[in-house]
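**Q** Residue 404 in numbering that gives the first Met the number 0 sits at position 405 of the sequence shown, and the numbers go up by one each step. Where a beta carbon is used, it is the ideal one built from N, C-alpha and C, also for glycine. I have a structure here, written as structure tokens, and I will follow up with some questions on it.
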Amino acid sequence: MAALDGPAFELTERSAIGASGPEATQVGEWLARLLRPSTGYAIPVGRHGDVVLERTGSLTDLGTEGYRLDARADGVTIRALTGEGLFRGVTTLRQLLPPKVEATTPKPGPWPVDAVSVTDQPRFGYRGTMLDVSRHFFSVDEVKRYIDLAALYKLNRLHLHLSDDQGWRIVIDSWPRLATHGGSTEVGGGSGGYYTKEQYAEIVRHAAEHYITVVPEIDTPGHTNAALASYAELNCDGNAPPLYAGTEVGFSSLCIPKPLTYDFLGDVFGEVAGLTPGDTMHLGGDEAQATPPEQYLEFVPKAAQIVRDRGKHVMGWHEIAQAELPPRSTVQYWGTGDERTAELARAAVAQGASVVMSPANRAYLDMKYDDDTPYGQSWAGLVPVELSYDWDPATQVPGLPESAIAGVEAALWSETLDEIAKAEHMAYPRLPGIAEIGWSPATGRGWPEYQQRLGDQAPRWDVLGVNFYRSPQVPWVDP
Ligand code: TNX
């Protein structure tokens, strides 16, 4: 980034967005929808304008998400190879505008963008956040809001944890009781909920508008009480357990020797694949303490093959690296640096898998900030803002080549989060830090200067109504 001499650009009532081609136009329309409510300007999108979005085949060295942004008094130009790159560039423009640009009602100008030239591209291709909609259910609008905020920090994956012991959250037409019975509760005994296929498709579409790909997770073979409670025949003994609203883990397992288990998974992964434009599905695989170890090793390759047969690559928690993995699998590391889990990450890479880093003592957004945090957990330790930012995905587990690291993901488990406002409080301000770790080079960033930039986000979050935690570690700017 280079600050340029010369006056700032200013958005005015005569401003217009110039875009050619369907993708640039689509991104232009998105930008116009952001700018119109707060500025009160018409901001037409057409062939010409003082804000130009241009897809160009010549910017190949910045990858699919890279972009170049130039702002001068006479206009702003964003150029990229892809629509995705244009969207990331538009996001930078958004961040260069005053925080009041986020308002939903007209605010007085001016609307300056300092003269600047930015050439940008991400360090990692996978920059995600996981939302656990199983332990507590969140509505379509709540998930959309979570997406909107994640997009502001250039995240590009939303991993939805759609099933667990406490709730099954998506309609599967061939096994309807999964949603109607398995989705009828949540932690604490509330009435839970589930997404119809139309609702789920709406979430996927909303994410795609922000160039975020949804990675659906159906957790197997453990974390399956909601499914086992819905269909007695899935159980080895033929008896359905009751629904579960507690928070213990590791007590449920699919019946590994039963052929029906694999028909079930074929149907479920088939229907979920049909709702998934992305190339990856997550089969869970974590904490399968109720599955005999030798059966676990037999199960994972079978389940993985089902995912492959439905046309998707396999993603799973690091435990799956004990088993044989198909090509192009992704293993999600959630350990805290102990030798046993580090060994599993290395075993994954030795099999040719890539690793997404979600170390629980850094990237688990449900860990408490400090002893006074009113909800959240602390089994992986307290995770204050500085600790969640101050790590490098490439060196977190010794012995992994950087080329094997697909990226990072911040996971938000919801056992203790019965309202989206509480989820937001745990994610902000830590999620933007994980997003930056995924985007920016390791060199040139560090807590002392990040702290200042993070503090600058407060006025924007106030306008957006974000229920963020005002950590005493951060010099928050007053509105
Ligand atoms: C561990 S991490 C789990 C989840 C819990 C989480 C709570 C992982 C793959 N499994 O089932 O929700 O801890 O922090």
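Does the pairing of the stretch 466-476 with the stretch 424-433 give three or more beta-carbon distances under 8 angstroms?
**A** Short answer: they touch.
**Q** Indicate whether GLU418 and THR246 have their beta-carbon atoms separated by less than 8 angstroms.
**A** No.
**Q** Determine the extent of the alpha helix (DSSP H) in which SER387 is found, giving its start and end residues.
**A** Start and end: 384-388.
**Q** Cα separation between ALA441 and ALA410?
**A** Each residue's Cα considered, the two are about 21 angstroms apart.
**Q** If you run the structure through DSSP and keep just helix, strand and coil, what is TRP29?
**A** It is helical.
**Q** Cα-Cα, which of ASP49, GLY82, ARG93 and ARG452 is closest to ARG32?
**A** Checked all of ASP49, GLY82, ARG93 and ARG452; the closest Cα to ARG32 is ARG93.
**Q** Helix, strand or coil for MET425? Go by DSSP, reduced to three states.
**A** In the structure shown, MET425 sits in a helix (DSSP, three-state: H, G or I).
**Q** When you compare the stretch 367-377 with the stretch 314-334, are there three or more beta-carbon pairs, one atom per stretch, that lie closer than 8 angstroms?
**A** Contact between the stretch 367-377 and the stretch 314-334 is absent, because fewer than three Cβ pairs lie under 8 angstroms.
**Q** Does the stretch 105-120 come close enough to the stretch 2-16 to have 3 or more Cβ pairs within less than 8 angstroms?
**A** Because the criterion of three Cβ pairs below 8 angstroms is met, the stretch 105-120 and the stretch 2-16 touch.
**Q** What did DSSP end up calling GLY464 once you bin it into helix, strand or coil?
**A** Coil at GLY464, not helix or strand.
**Q** With a threshold of 7 angstroms on Cβ separation, who are the neighbours of LEU96 within its own chain once the five nearest residues in sequence on each side are excluded?
**A** The answer, listed in chain order, is TRP110 and VAL112.
**Q** Taking 8 angstroms as the cut-off, decide whether the C-beta atoms of ARG156 and TRP438 are in contact.
**A** No, Cβ-Cβ distance for ARG156 and TRP438 is not below 8 angstroms.
**Q** Between GLU408 and SER353, which are expected to be in contact by the criterion C-beta below 8 angstroms, what is the C-beta distance as a whole number of angstroms?
**A** Contact doesn't hold; Cβ gap of about 12 angstroms is too wide.
**Q** Check this for me: beta carbons of SER229 and LEU177, under 8 angstroms apart or not?
**A** A contact, by the Cβ cut-off of 8 angstroms.
**Q** For the alpha helix (DSSP H) that contains LEU242, what are its first and last residues?
**A** Segment: none, LEU242 is in no alpha helix (DSSP H) and carries neither H nor E.
**Q** Once the 5 residues before and after SER328 are set aside, which same chain residues still bring their CB inside 6 angstroms of it?
**A** Cβ within range, chain order: VAL313 and ALA352.
**Q** For the alpha helix (DSSP H) containing ARG93, name the first residue and the last one.
**A** Per DSSP, ARG93 belongs to the alpha helix (DSSP H) from 82-95.
**Q** Is the beta carbon of ASP60 within less than 7 angstroms of some heavy atom of the ligand TNX?
**A** Every heavy atom of the ligand TNX is 7 angstroms or more from the Cβ of ASP60, so no.
**Q** Do GLU101 and ILE171 have their C-beta atoms closer together than 8 angstroms?
**A** Their beta carbons are not under 8 angstroms apart, which means GLU101 does not touch ILE171 by this criterion.
**Q** Is ALA352 near the ligand TNX, going by C-beta to nearest heavy atom under 7 angstroms?
**A** Flag unset: Cβ of ALA352 not near the ligand TNX.
**Q** Nearer than 7 angstroms: is that true of the beta carbon of ASP365 relative to any heavy atom of the ligand TNX?
**A** Because some heavy atom of the ligand TNX lies under 7 angstroms away, the Cβ of ASP365 counts as near it: yes.
**Q** For PHE136, name the three-state secondary structure that DSSP assigns.
**A** In the structure shown, PHE136 sits in coil (DSSP, three-state: anything other than H, G, I, E or B).
**Q** Would you say ASP285 touches the ligand TNX, meaning its beta carbon is less than 7 angstroms from a heavy atom?
**A** Yes, Cβ of ASP285 sits closer than 7 angstroms to a heavy atom of the ligand TNX.
**Q** Hey, LEU282 and THR335 are a contact pair by Cβ (cut 8 angstroms); roughly how many whole angstroms apart?
**A** Not really, about 23 angstroms apart at Cβ, beyond 8 angstroms.
**Q** Helix, strand or coil for PHE268, going by three-state DSSP, please let me know.
**A** Looking at PHE268 - three-state DSSP - the assignment turns out to be helix.
**Q** Of all the options HIS205, ILE211 and TRP167, which has the alpha carbon lying nearest to the alpha carbon of GLY192?
**A** Comparing Cα positions, the closest option is TRP167.
**Q** Am I right that ALA231 and ASN238 are in contact with their C-beta atoms under 8 angstroms? What's the rounded C-beta distance?
**A** ALA231 to ASN238, Cβ: 6 angstroms. Contact.
**Q** Considering only residues of the same chain and omitting the five flanking positions on each side of ALA420, which have a CB-CB separation below 8 angstroms?
**A** Once the five neighbours on either side are set aside, the close Cβ partners of ALA420 are ASN466.
**Q** Taking the alpha-carbon positions, what's the ASP455 to VAL473 distance?
**A** Distance between the alpha carbons of ASP455 and VAL473: 10 angstroms.
**Q** Any contact between the stretch 209-216 and the stretch 260-267? By contact I mean 3 or more CB pairs, one from each, below 8 angstroms.
**A** With a cut-off of 8 angstroms, the stretch 260-267 and the stretch 209-216 do not count as touching, because too few Cβ pairs lie within range.
**Q** Looking at C-alpha atoms only, which residue of GLU385, LEU80, GLN165 and ASP278 is the closest neighbour of GLU22?
**A** Of GLU385, LEU80, GLN165 and ASP278, the residue nearest in Cα terms is LEU80.
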